[in-house]
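Working notes, beginning with the structure itself.
Numbering (this note's numbering), first residue to last: 81 to 633.
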């Protein structure tokens, strides 16, 4: 451990002459040190301390730590445009950081969210001094991993983030009136006036995002994934089971492990986007859930930037927190092939009575003597009615604010939520991977949405979510099977608890509500929002079902 010198402020100039400012934290010692770089848009003094140790802690481990304001943020010059300048500016910054006094020319990067994205954009440029990155909670494909899920706009997180960035822009411009209006709006989400961001921040990226509801060339050009094929760096990938961007973390990890020649490690805790601690929503996952990321990152950087054998590469590269057992599990890779199938069965009253909709386990679906699957018993369809006046509210999960695990029996007892519950488990059930919900249904409007939430029901009747998914269905009147992929999870559900699937046609404001024709993103579409009736078919020859990724039972 080193003593740490006082914080210094230093500036550099990009290739097009824009000044970027940074704080530098240095260990008090002789010789040269590797550099840890974080590039962020929120004011460099914060330095992502909402989830990481302060830069002085990293400096005490023998690193020069550079925390830089990206272009147009903090005190850095230039115009901020979301992600637009981060490849070139990142490359220029790494070259500069490698040459500052006391640097040994070896640079690593860390940070989450936007600070994770700046790592990916910088890596695309492949500056020679950049030896490793630790991207946390990122979007690899910005359409599927960040802005949209299942074709539906992630309203609450996108709007909240856009307002946060716009509020800071107003402050930097000295516009007190806009600042106060946007700050007030940020404390009153969801907004009753969806146009407020257009009025107060017409230059916000948000307006481009909502006008590109399909994965078109706009997203391809903006996304790191499009430009990443030549990158081959050691990476420590960090995610959370309730992080809204977990899809991006896993997509990047899977892409790199499929083609990279360098080590790729993955660590996923039971966390939301922030914070990374033992309490996630209403559930305390215990002391093991406290973030180990700072210590792991130092071991990672010691190996790749200081040539110290920390034993890291002798360990299994995948470290996942299993909720329920509240233990970290290690794996060589993630390969889950076992599936347990539950079919949906109903008396037709699954929106009214919690004992009407049931989940029937069919782990192997035995063949009849004639060699064909037996036909399940037919039943009445369940009818789900979505009223835009009172949409089903979002509670926890990965897309809402706040995210995490919450008791949701008050949601499940609503008449616009279908619930299907299994018998109590006779043995512990361990899940790891992607649960899939397949629903056979149709609607009376051209478009509708489906939200699927998996929960565990405790013997006392309390219901706690553990994963969910969302799907936009633009061809609503077709009677067909809708396939909803739920957020990747890792959980032990104990003997005696039951599984529950909850289905609804809204999860607001986590996702934009469907008007019956299009997403409700402005007052006009809200005015034209229709009541939507959805018919769900259970237990016939095209049965609705859940496919669960089991590791052991």
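C-beta: ideal position from N, C-alpha, C; glycine also.
- In terms of Cβ geometry, residue 577 and residue 544 do not form a close pair [threshold 7 Å].
- Given a length threshold of 4 residues, each whole run of the alpha helix (DSSP H) inside the segment 157-221 is given here in chain order: 166-179, 194-205.
- Between residue 218 and residue 329, the beta carbon gap of about 6 Å places them in contact (Cβ cut-off 8 Å).
- Apart from sequence neighbours up to five positions away, the residues of its chain that approach residue 434 with a beta-carbon distance below 6 Å are 499, ordered along the chain.
- Contact check for residue 581 against residue 626 passes: the beta carbons are separated by less than 7 Å.
- In the pairwise beta carbon analysis, the segment 384-397 is classified as not touching the segment 290-307: fewer than three pairs are separated by under 8 Å.
- Cβ neighbours of residue 134 within its own chain (closer than 7 Å, five residues either side excluded): 127.
- Secondary structure at residue 135: helix, using DSSP grouped into helix, strand and coil.
- The beta carbon of residue 250 sits closer than 7 Å to those of 258, 259, 262, all from its chain and outside the five residues before and after it, given in chain order.
- In this structure residue 154 does not touch residue 98 by the C-beta definition: roughly 13 Å separates them, more than the 8 Å allowed.
- Counting of Cβ neighbours within 10 angstroms places residue 589 among the buried residues, the total reaching 16 or more.
- By the criterion of a C-beta distance shorter than 6 Å, residue 508 is surrounded in its chain by 572, 574, 575, once the five residues flanking it on both sides are discounted.
- Take residue 233, set aside five residues on each side of it, and the residues of its chain with a beta-carbon closer than 8 Å to its own are 227, 289, 290, 293, 591, 592, 599, 601, in chain order.
- Between residue 479 and residue 324, the gap from beta carbon to beta carbon is short of 7 Å.
- Residue 209 places its beta carbon 7 Å or farther from that of residue 188.
- Beta bridge pairing from DSSP links residue 90 with 102.
- Under the three-pair Cβ rule at 8 Å, the segment 116-125 counts as touching the segment 142-154.
- Cβ contact annotation for residue 566 (same chain, cutoff 8 Å, sequence separation greater than five): 514, 515, 516, 517, 532, 534, 547, 548, 549, in chain order.
- Cα atoms of residue 248 and residue 229: separation of roughly 27 Å, rounded to the nearest angstrom.
- From the listed residues 551, 180, 410, 482, the smallest Cα separation to residue 114 is found for 180.
- Cβ neighbours of residue 495 within its own chain (closer than 8 Å, five residues either side excluded): 431, 432, 465.
- Fewer than three beta-carbon pairs drawn from the segment 414-423 and the segment 357-369 are found closer than 8 Å, and the two stretches are therefore not classed as touching.
- In the three-state reduction of the DSSP assignment, residue 543 falls in the strand class, which pools E and B.
- Of the candidates 231, 348, 139, 469, the residue whose Cα lies closest to the Cα of residue 410 is 348.
- Bounds of the beta strand (DSSP E) holding residue 522 are 516-523.
- Annotated as distal: residue 110 and residue 82, with beta-carbon spacing of 7 Å or more.
- Judged by DSSP secondary structure, residue 352 falls outside any alpha helix (DSSP H) and instead within the beta strand (DSSP E) spanning 344-352.
- Per the DSSP secondary-structure output, residue 594 pairs in a beta bridge with 599.
- In the three-state reduction of the DSSP assignment, residue 251 falls in the helix class, which pools H, G and I.
- Between residue 596 and residue 525, the gap from beta carbon to beta carbon is short of 7 Å.
- Closest in C-alpha terms to residue 557, from the list 437, 613, 504, 482, comes 613.
- In this structure, 299 is the residue among 150, 163, 299, 121 with its C-alpha nearest to the C-alpha of residue 222.
- Rounded to the nearest angstrom, the gap between the Cα atoms of residue 463 and residue 317 is 42 Å.
- Within 10 angstroms of the beta-carbon of residue 319 lie 16 or more other beta-carbons, which makes it buried.
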